[in-house]
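Residue numbers (this note's numbering): 129 to 379.
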């Protein structure tokens, strides 16, 4: 009000005090006619045109875009999505090649400075993104292609020699198949060991416990949906692990 002399809602770009600056957005500057305040209470002006009825001091891209705005290139509707920058490419031009006096001869034999560029991939940020996308309430849930280990062999009771021997045998069989396998031989409770495997996101786990020895049934658990598959012998179990390890799509 101190600038226009009008109540809020009725301000316009006319008769402003000396030193006032009129700033308009580029999109508005390209429009034909406006309706603005007339700097009088309860009064508006119609058919106001920038450049004819007033001269803006600054024309700039000052408006924040919103969903549904029209694209300035194709007039399509704008959609706003969250994203994460995993990699980037920068054109450096000849700034550093001039400093280094790095030149080449073009097809005409003329000496020119190299045009340089650089690129980068955020390894840590990539892992953070994978965890954000592939995770649940139990922890990380990585796809087979990206997990550091495809399968974990979990010995539930390291004090039982039969469990240890069977676990080591299965571990060696899978390792000899060329599959990345983690053997959890820590002397911790079964609950902690199983939770840890889920937490770090190994796609499949083989659990060896007292029931395995007693029933001679071998179990592989698929991390993504916690489904269990039971096999009657170690050969069938290992062959199934081989099949699972070849899955290329994201589970």
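Glycine included, C-beta positions come from ideal geometry on N, C-alpha and C.
Since the model is a prediction, treat every value here as computed from it, not as a measurement.
With 16 other Cβ atoms within 10 Å as the buried cut-off, status of residue i
i	result
residue 232	exposed
residue 346	buried
residue 203	exposed
residue 311	buried
residue 134	buried
residue 355	exposed
Cα-Cα separation between residue i and residue j, rounded to whole angstroms
i	j	result
residue 353	residue 242	53 Å
residue 149	residue 266	57 Å
residue 273	residue 186	54 Å
residue 228	residue 250	28 Å
residue 330	residue 240	52 Å
residue 326	residue 264	10 Å
residue 379	residue 188	Confidence at residue 379 is low in this model, with a pLDDT of 47, below 50, so the placement of that residue should be treated as unreliable; the coordinate-derived value is given next. Those two C-alpha atoms are separated by around 48 Å.
residue 328	residue 217	32 Å
residue 363	residue 302	10 Å
residue 143	residue 220	48 Å
residue 340	residue 306	25 Å
For residue i, the residue or residues it bridges with in DSSP
i	result
residue 246	218
residue 251	None, per the DSSP bridge assignment.
residue 267	264
residue 173	164
residue 241	231
residue 333	280, 349
Helix, strand or coil at residue i [DSSP, three-state]
i	result
residue 235	coil
residue 355	strand
residue 292	helix
residue 378	For residue 378, the predicted model reports a pLDDT of 46, less than 50, meaning its position is unreliable and no value from the coordinates is stated.
residue 322	helix
residue 369	helix
residue 207	coil
residue 300	helix
residue 310	strand
residue 198	strand
Whole-angstrom C-beta distance between residue j and residue i, which should lie under 8 Å
i	j	result
residue 282	residue 321	5 Å
residue 177	residue 160	7 Å
residue 332	residue 349	7 Å
Residue-level contact to chain D via CB, residue i, 8 Å cutoff
i	result
residue 256	Of the chains in the structure shown, none is chain D; there is only one protein chain.
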